[in-house]
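Mapping of the sequence shown onto the numbering used here: position 97 corresponds to residue 103, and the numbering continues sequentially without gaps.
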Amino acid sequence: MKNISIRVKLILLFILIKIIPLFIVIFIAYEGIISLERYLNDNRKNLFNENKEIILNTANKSIEDSIKYLDKKTQLSLERLSFEIANKVADFLYERDKDLLFLSKIDINQEILKNFYDVKNRDIILQEEYIYDDKNKKWTPKNKRQKIQREVTTATLKDNEKNFNYTDPIELKKKSIPIYKEVVYFDINGNEQYKVSSISNKLKNISNKKNTYINSENYFKEIQVLKKGEIYVSDVIGEYVGTKIIGPFTKEKAKKINIAFDPEKYAHAGKENPVGKEFEGIIRFITPVFKNGIKKGYISFALDHKHIMQFTDTSNPTSNYAIQTLPDPKNGNYAFMWDYEGKNISHVRDYFISGFDRNTGKRVIPWLSKDVAIKFENSKKDINEFLSTYPKFEEQSLQKKPNIKQLLEEGKVALDCRYLNFAPQCEGWMQVTKNGGYGSFVIFWSNVWKLTTAAAIPYYTGKYADSKRGFGFITIGANVEEFHAPANETKRSVTKILEEQTKNLKEVLAKNKFEVTSFIDSLIHELSIVTLIMIVLIIFISIFISKYITSKIEYILQGTKRSINNDILDISKIKTDLYFISEHVVELFSKKASEKHLKLIFNIDHKIPLCILTDGIRLRQVLSNLLSNAIKFTHEGKVSLNITLLEEKDNRCKIRFEIEDSGIGIPQEKLENLLKPFDQVDHKVNRQYEETRLGLSNCFHIIQALGSKMNTQSEKNVGSKFFFDLETKSCDDNLHISKSFLNHLKFKVTKEDSDLYHYIKRYLGLFGKETKEDEKPDIVICSCDKIKEQLNTMRDKYKHIPILILFEYEDEVKDFKLRENEHTLVLPFYASKVNDALKELLRKTKQIKKTSKEEIKYEAKVLVAEDNETNQELISNILDSMNIKYSIQGNGLKVLNEYKQNSYDLILMDINMPVLDGVESFKEIRKYEEENFLKQIPIIALTANAIKEDKERFLSLEMNEYLSKPINIDELKKVFNKYLKKR
7 MKNISIRVKL
17 ILLFILIKII
27 PLFIVIFIAY
37 EGIISLERYL
47 NDNRKNLFNE
57 NKEIILNTAN
67 KSIEDSIKYL
77 DKKTQLSLER
87 LSFEIANKVA
97 DFLYERDKDL
107 LFLSKIDINQ
117 EILKNFYDVK
127 NRDIILQEEY
137 IYDDKNKKWT
147 PKNKRQKIQR
157 EVTTATLKDN
167 EKNFNYTDPI
177 ELKKKSIPIY
187 KEVVYFDING
197 NEQYKVSSIS
207 NKLKNISNKK
217 NTYINSENYF
227 KEIQVLKKGE
237 IYVSDVIGEY
247 VGTKIIGPFT
257 KEKAKKINIA
267 FDPEKYAHAG
277 KENPVGKEFE
287 GIIRFITPVF
297 KNGIKKGYIS
307 FALDHKHIMQ
317 FTDTSNPTSN
327 YAIQTLPDPK
337 NGNYAFMWDY
347 EGKNISHVRD
357 YFISGFDRNT
367 GKRVIPWLSK
377 DVAIKFENSK
387 KDINEFLSTY
397 PKFEEQSLQK
407 KPNIKQLLEE
417 GKVALDCRYL
427 NFAPQCEGWM
437 QVTKNGGYGS
447 FVIFWSNVWK
457 LTTAAAIPYY
467 TGKYADSKRG
477 FGFITIGANV
487 EEFHAPANET
497 KRSVTKILEE
507 QTKNLKEVLA
517 KNKFEVTSFI
527 DSLIHELSIV
537 TLIMIVLIIF
547 ISIFISKYIT
557 SKIEYILQGT
567 KRSINNDILD
577 ISKIKTDLYF
587 ISEHVVELFS
597 KKASEKHLKL
607 IFNIDHKIPL
617 CILTDGIRLR
627 QVLSNLLSNA
637 IKFTHEGKVS
647 LNITLLEEKD
657 NRCKIRFEIE
667 DSGIGIPQEK
677 LENLLKPFDQ
687 VDHKVNRQYE
697 ETRLGLSNCF
707 HIIQALGSKM
717 NTQSEKNVGS
727 KFFFDLETKS
737 CDDNLHISKS
747 FLNHLKFKVT
757 KEDSDLYHYI
767 KRYLGLFGKE
777 TKEDEKPDIV
787 ICSCDKIKEQ
797 LNTMRDKYKH
807 IPILILFEYE
817 DEVKDFKLRE
827 NEHTLVLPFY
837 ASKVNDALKE
847 LLRKTKQIKK
857 TSKEEIKYEA
867 KVLVAEDNET
877 NQELISNILD
887 SMNIKYSIQG
897 NGLKVLNEYK
907 QNSYDLILMD
917 INMPVLDGVE
927 SFKEIRKYEE
937 ENFLKQIPII
947 ALTANAIKED
957 KERFLSLEMN
967 EYLSKPINID
977 ELKKVFNKYL
987 KKR
């Protein structure tokens, strides 16, 4: 609302006052008409809806009962299937115990082990060959699977024909492979004596972990305590295979995450990546061998884990076919397996199986929930060390999120229920199998309701005897919707019949409704036309009245502005050092120009009187604002401040102030608005110039108050020029009397065609003149360019004469090595700066004594309260030049909060600020210091009101000092010298 003009606000206010009551009357009439229509329609619909609801509720109740029965039946069926698979796994593992104990009781040699290894084989089901289909963006079988076809598909006897159903087997490709990856006999010191292995036939000492499977087994110490007939059984040991894609491994997904489409390098994942690397692992079985009651050695089996995975990978829980060659993970209907602790040991997606790092011999990091991952990163510990003390099953919930960064960056997503806190079914499985039984529950997972079962694997050999869930547990996940698909189909049929019957009734109702609606629409149309005419009349009247009131308000505002301007002029006709003001402004912005690699050029006509009668504070504010804008919108090239004497007569002079840049320029349509007073501008100005327009509007008022007018020239992408002519009285025109400048020096210029010489030439005349060819100079002026050979030649030629080297940018000086007779001077150039450089050069060469004072540095931190962005920029530059640390806050409340939170040595407090002004903020700070027994911090009042009464008022409040804005650096240094600690 603050950007809306007064006139528009008046129009809106008048319209609201007149139109709202009109709308209320119309609304009441309209509601009465609509209520009548609603009453007639509702009576017709009620009877129809009641009959429809009775039929629909009866159908829904029947279907819901059917769904409940089907769900329960399927739940029990899948629980039983899980139980059967778990028992098959247990039976298979117990067979391994028998094999092991059998071998431990006979005399062992290499031939016996070889014969045993060769006869212990078992069939596995092989998957079909798959290829990637680029057209359909998915994996498809290379060859179509053959099914057994029968000629007669119905019952041959009439008595058997009702619901006659059959499922013929599908042709499965099988292969017989060894049950064990290796069979070994080793002595009590761990030295392998006899060995048959598909891993390595080299005899090793397995007491060394590096000689075990993938450097990850550490069983030698554990088996020392085994007694006769006791068996050691390990966890599943295998190298982890990772992925960076969960779901179908397609070219599109690989491209999206910026990896090559090399599915063979990543984990096998059923039909999602049928060509990936398969998880290969073992389960180690060991028992001691005794002779005459003395332990002589050990028999060791490495069970091929592929046989364990066959129990779950080939199971097809919800299909007509009980066995499958390759599961499809995306439909969610498959079986998988977990060990007794909750680590995944069999999954259709192999990257979910927990495994080891071959290089370290340690288990790889499991997939963590996001909250656990943050704690792990902050701990700076190894993952296994971190998890050894971390709580298990910590507040698992669907609200928690997985650590996706772990997937994308590391490709490690092994599942460990103990730390899978974004999957609460983990804790559910552990609860179901707590006593070694089986069961199930339904959970909302992956945006569908899924039934998930769990059945303990009743294998209790070795360490697995310590857990009632034995070796681990089998789980099956299935989509609930698929259980009651027949009931849903019945529901759809009933719904379709009901829709057809209601369609006919709706047509009858529609005819009656049309007649009522037509009459009401006609009535509303007539009412709308009358209302529209009344609104238009009100708007015209409001515009007329607002125009009259706005003109009166603008007249009052203009009078107020004239009064303010007169006040400024009355107190502003004081002596002003124009050279000091202009040089100070240029030096203030030289650092910012240098940071942007811009040339900052300062040209002043030295015929201009040193002292003029004008408001120096306001003049400096205008020049600072214009120079700040020029640097802000210039990205390369230069920015110039030119001050020229146009005419001088009878102690009066006319001076032109001009700021010119090579910046982005301003379009003509924007330029016209920029120079208007702020309250007269159409608020459609581009946001890019909004802040600049506010500053220029202030400049407009100040220059107008000083009796001048702002002029501008600008071209887009070329640059801008802002200038104004100031007529004033002079009070002193002798520069050399007022300034202690050097004079009568003789200069030698080495490169007169240099831009830098062009910029400094106008000032050299103040200090002396150029020498003739045969005359020895006091100082050599040299422009530093990119041709270093020419510079070095010049240096050798004038090695005994002081040399002043000119640079465009500050950063060029950093890498430049000066000789004893050399000094540097960087843009911008102005009289006092050139004078100081010449003095320093002559001092270095011992021609004059050092006269400049040591730069004072302060060891302090200052808090600044200032809401005006231009003033913030000025204060920042001043404090930066003094190497003082500071913080700037935009209102009194922020200053109070900042002071409470951090330590400062002094506060510069602007008086006029939003939210909490300077006086209120000052009082709150003193109150806070008193309540907390703190030493009072020096607080300096800042205000643009240069009135004696203001100074007395602020000091009477016990503020420490008072400064007027814009800040005079010398006055500020006096305050700092008084209150701040010097380095």
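All C-beta atoms, glycine included, are put in the ideal place defined by N, C-alpha and C. All values derive from a computational prediction rather than experimental measurement.
- Contact annotation: residue 772 and residue 837 have beta-carbon atoms nearer than 8 Å.
- Just measuring C-alpha positions, the residue of 237, 228, 281, 236 sitting nearest residue 249 is 281.
- Residue 197 and residue 211 do touch by the CB rule: their CB atoms are close to 5 Å apart, below 8 Å.
- The beta carbon of residue 242 is closer than 7 Å to those of 287, 289, 311, 345, 351 in its chain, skipping five residues each way along the sequence.
- According to DSSP, residue pairing for residue 624 in a beta bridge does not occur.
- For residue 481, no alpha helix (DSSP H) segment is defined; the enclosing uninterrupted segment is the beta strand (DSSP E) at 478–485.
- Between the C-alpha atoms of residue 801 and residue 708 there is a straight-line separation of about 50 Å.
- In the DSSP secondary-structure assignment, residue 239 is bridged to 291.
- Residues of the same chain with a CB within less than 7 Å of the CB of residue 317, apart from the 5 flanking positions on each side, are 91, 94, 95 in chain order.
- Of the residues assessed, residue 102 falls on the buried side of the cut-off, its CB having 16 or more other CB atoms within 10 angstroms.
- Annotated as proximal: residue 362 and residue 370, with beta-carbon spacing under 8 Å.
- Within the DSSP bridge table, the entry for residue 38 names no partner.
- Membership of residue 260 in the alpha helix (DSSP H) is indicated by the continuous run 257–262.
- Distance from residue 360 to residue 408 at the Cβ level is roughly 16 Å; contact not present, criterion being Cβ atoms closer than 8 Å.
- When secondary structure is reduced to three states using DSSP, residue 949 falls in the strand class.
- Here the alpha carbons of residue 814 and residue 612 stand approximately 23 Å from one another.
- Within the model, the alpha-carbon separation for residue 338 versus residue 483 is close to 6 Å.
- Secondary structure note for residue 964: it is in no alpha helix (DSSP H), with a DSSP letter that is neither H nor E.
- When only Cα atoms are considered, residue 32 and residue 48 end up about 24 Å apart.
- Ranked by Cα distance from residue 122, the first of 664, 109, 133 is 109.
- Annotation: the continuous alpha helix (DSSP H) that includes residue 932 extends over 924–937.
- Taking 8 Å as the cut-off, the beta carbon of residue 902 is found no closer than this to the beta carbon of residue 935.
- Taking all protein chains in view, the Cβ of residue 414 is surrounded by fewer than 16 other Cβ atoms within 10 Å, so the residue is classified as exposed.
- For residue 829, the secondary structure class from DSSP, reduced to helix, strand or coil, is strand.
- Using a Cβ distance threshold of 8 Å, residue 827 and residue 799 do not count as a contacting pair.
- Buried is the label assigned to residue 240, since at least 16 other Cβ atoms lie within 10 Å of its Cβ.
- Each of 173, 335, 719, 480 was checked against the Cα of residue 85, and the nearest Cα belongs to 480.
- Less than 8 Å separates the beta-carbon of residue 592 from that of residue 834.
- Per DSSP, reduced to three states, the secondary structure at residue 984 is helical.
- A direct Cα-to-Cα measurement between residue 623 and residue 706 gives close to 15 Å.
- No Cβ-Cβ contact shorter than 8 Å links residue 807 with residue 755.
- Taking each of 762, 964, 957 in turn and checking the Cα distance to residue 933, the smallest one comes out for 964.
- A distance of 8 Å or more separates the beta carbons of residue 431 and residue 459.
- Ranked by Cα distance from residue 810, the options 821, 766, 817, 782 are led by 766.
- Straight-line spacing of the CA atoms in residue 140 and residue 335 works out to 20 Å.
- Exclusion of the five residues before and after residue 726 leaves 636, 639, 666, 667, 669, 671, 672, 718, 719, 720 as the residues of its chain whose Cβ lies within less than 8 Å of its Cβ.
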